[in-house]
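In the numbering used here, the protein residues as written are 297 to 1109. Where a beta carbon is used, it is the ideal one built from N, C-alpha and C, also for glycine. Just below is one structure, and these are the notes that go with it.
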């Protein structure tokens, strides 16, 4: 919970170092100016946010009426070793796009000169525009409150548990409550006055329980770096006393969790074929590489697999191990709590705990358990790849971090993910399971898959080779090679199929139907990879095998006689070099409204789907959104019509972290198909891997004409030139530009706020327009030397077509 209650309004510009952070034009955190280019704030205020959407204002007192405060944008965020697990190192530096002019109303704070303990019992001041009471509304006027700085020991003796307060934190507040910082004050300064009458920054508002509650002082100032290890950090000795090690025939097999005095919970997939007398459970163990006299080994009475456990699909992969005798609880051995039925932890941070060992580490790395904080994500944020996330039930979501390498290893099976409440009590959320090639069997020469055939042969698998470009979310490159443990002898029942000649491509469809069959992987595009993997240790039969019977079926495709994509509508003449477009000349451009106010733009790509930016839909209530189709004048109720939204599909790998600001793409499925006419017509999609460097393109939208201006009433257009990838990376954006982005630039013309999600259009030689990009992000509007950044649609064609496959695409001849 972010954290002025019980304070007073400051004098005008009393604290000229105060900064206010806004995200999507809404105030949400405070900050402190430390020089003319950097602001210090709390890491939890910026980690996971799109840094380029954060606006920082200075010299304010009344944030509700200040008309033109000094404003800067963030171009870099540094969060260091911050962890959502325990709010360790909750501090961040923000680099501004331009220097701030220093004056009587804008001036930096001094940095501290003494050690932590020298501030104990000092009167400090917290300031901010946060709420004046718990769950109240933010204050318009800057508030301040005086609070005493507490010692570390005094803070640990409060209502917080000692384990929650680290040496990297500083507490300030009254044990009796009544005065405190509150929601919206997060990231703001904790300051003290020196003898020379100058103020210095000794803390950053980080976290606390409620607002001015008795016994809960606010905590801040993480100022030391914690030692971190690959894959998480080592736990303290017996920090998680419910951890269990399960051994089969004296060999370590899997981890488990003690849930009461008689039962251990673990993964069922790891106990297949094992009997109770072969298993022992080790409790109270910490360092399993050295003899631990505190651990207890208990025999197992029985194994109970979940009745709906399915090894093939790994659903309900749970098992209970009943111990041979009740366990005596003590400091090193105690059970974890089970969650209440129906509990949801979305948005919380879970803790993955287990004896993990990374593939590049030696065996001693797995001697002691590790812990790793992981955010619990909703379904649309989940990484569906088994490599990068732990999948939960479809209704709940998943646990993982977008864009990371593998968080768990093969020997993590049975490890637990837990959630810690403010009271320090842990609930068990999930048990991790693993899938192995050892579970795969290949049957050849079979006819009836439901009945064993004496003529068929079953082979074990030696290796599996998924295609390196496989994407489980879009099913792109959905192909895998399985290497059998031994060679197959060909006979009349077992023969290989021929591969197509290199270079053959599938024809594709001009117009897709709702009833069209499922997608199939185009093997013709994968031949080079197949031969590369298999050529060294296998033989091909270069004469085609003839099937004994031919396949006959009726085509399920219908021929749709509808208009072609990408043709302009309205008046046939085009306006060149103008600003306001001719009405309906770009009939695919749609307006996205949020409660009747312009929110973003979008592009109609078929009769039922709109393409837009991911950030346009990620932080909004989808029920408040609607789409304006066939619109030119957004203030004219008779211009076009409003279409209701049925579903929003955000890219699974959408990432708003400053290190992974990619995949800013989403699809909107309309409740009803649009009627194609002169004013409503889809744009064409580009071909995969198309390059538009050096080409002139158009950007359209109803966005603001200037940074602080109002949205345009009429649809506008601007002509830009696409920059090369190298030139874009050579701007101030630097490494924030990825190959899935494209930059476009022209002096004094650019996309601006409100244009987000709208199309970047390229006109082909045949006169048709392709939507080659999506307005994504940038700094300011048409700032000199600063290009706009767009989603590179050609990199997402497979994703777009797959998720909009039930719509009807217009002909692109």
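Determine the burial state of residue i: buried for a count of at least 16 other Cβ atoms within 10 Å of its Cβ, exposed for fewer.
i	result
residue 602	exposed
residue 977	buried
residue 915	exposed
residue 308	exposed
residue 492	exposed
residue 446	buried
residue 786	exposed
residue 553	buried
residue 1030	exposed
residue 793	exposed
residue 439	buried
residue 1096	buried
residue 949	buried
residue 1022	exposed
residue 415	buried
residue 1041	buried
residue 483	buried
Note down the Cα distance separating residue i from residue j, rounded to an integer number of angstroms.
i	j	result
residue 702	residue 560	Because the pLDDT of residue 702 is 37, which lies under 50, any placement of that residue in the model is unreliable, and the number read from its coordinates should be weighed accordingly. When rounded, the distance between both Cα atoms is 26 Å.
residue 789	residue 783	15 Å
residue 647	residue 399	47 Å
residue 762	residue 566	23 Å
residue 594	residue 556	14 Å
residue 1068	residue 1057	6 Å
residue 367	residue 582	53 Å
residue 631	residue 599	19 Å
residue 946	residue 666	33 Å
residue 1035	residue 987	11 Å
residue 989	residue 995	15 Å
residue 764	residue 574	40 Å
residue 898	residue 1019	23 Å
residue 930	residue 434	32 Å
residue 314	residue 359	12 Å
residue 444	residue 1053	48 Å
residue 741	residue 605	29 Å
residue 343	residue 941	31 Å
residue 992	residue 612	55 Å
Who are the Cβ neighbours of residue i in its own chain at under 8 Å, not counting the five residues just before and after it?
i	result
residue 1037	958, 1024, 1072, 1085, 1086, 1087 and 1088
residue 261	Since the first and last residues shown for the chain are 297 and 1109, residue 261 lies out of range.
residue 877	871, 928, 996, 1010, 1011, 1012 and 1013
Once you ignore the five residues that flank residue i on each side, which residues in its own chain have a CB closer than 7 Å to its CB?
i	result
residue 260	No answer is possible for residue 260: the residues shown for the chain start at 297 and end at 1109.
residue 524	With a pLDDT of 27 at residue 524, under the threshold of 50, the modelled position of that residue is not reliable, and the figure given next carries that caveat. Here the set comprises 377.
Helix, strand or coil: how does DSSP classify residue i here?
i	result
residue 452	helix
residue 1094	helix
residue 415	helix
residue 1013	strand
residue 1039	strand
residue 1029	coil
residue 374	strand
residue 538	coil
residue 739	strand
residue 1024	helix
residue 699	With a pLDDT of 35 at residue 699, under the threshold of 50, the predicted position of this residue should be treated as unreliable, though the coordinate-derived value follows. Correct three-state label for residue 699: coil.
residue 349	helix
residue 914	helix
residue 341	helix
residue 570	coil
residue 691	Its pLDDT being 40, under 50, residue 691 is placed unreliably by the model, and nothing is read from it.
residue 909	coil
residue 947	coil
Looking only at its chain, what residues have a beta carbon closer than 6 Å to the beta carbon of residue i, apart from the 5 residues adjacent to it on each side?
i	result
residue 401	309, 312 and 355
residue 1123	Nothing in the structure corresponds to residue 1123, since the chain is present only between 297 and 1109.
residue 966	904 and 939
residue 392	333 and 368
residue 982	1066, 1068, 1089 and 1090
residue 779	758 and 759
Next on the checklist: Count Cβ pairs between the segment 965-979 and the segment 880-889 that sit closer than 8 Å; are there 3 or more?
Outcome noted: Three or more beta-carbon pairs drawn from the segment 965-979 and the segment 880-889 are found closer than 8 Å, and the two stretches are therefore classed as touching.
Next on the checklist: Contact between the segment 340-355 and the segment 371-384 is defined here as three or more beta-carbon pairs at a separation below 8 Å; is this criterion met?
Outcome noted: Result yes; three or more Cβ-Cβ pairs closer than 8 Å.
Checklist entry - Is the segment 921-929 touching the segment 1013-1029 in the sense that three or more CB pairs, one from each, lie closer than 8 Å? => result Flag = no, the segment 1013-1029 and the segment 921-929 do not touch.
Item to check | Cβ pair count under 8 Å reaching 3, the segment 622-629 against the segment 530-541 | outcome: When C-beta atoms of the segment 622-629 are compared with those of the segment 530-541, three or more pairs fall below 8 Å, so the two segments count as touching.
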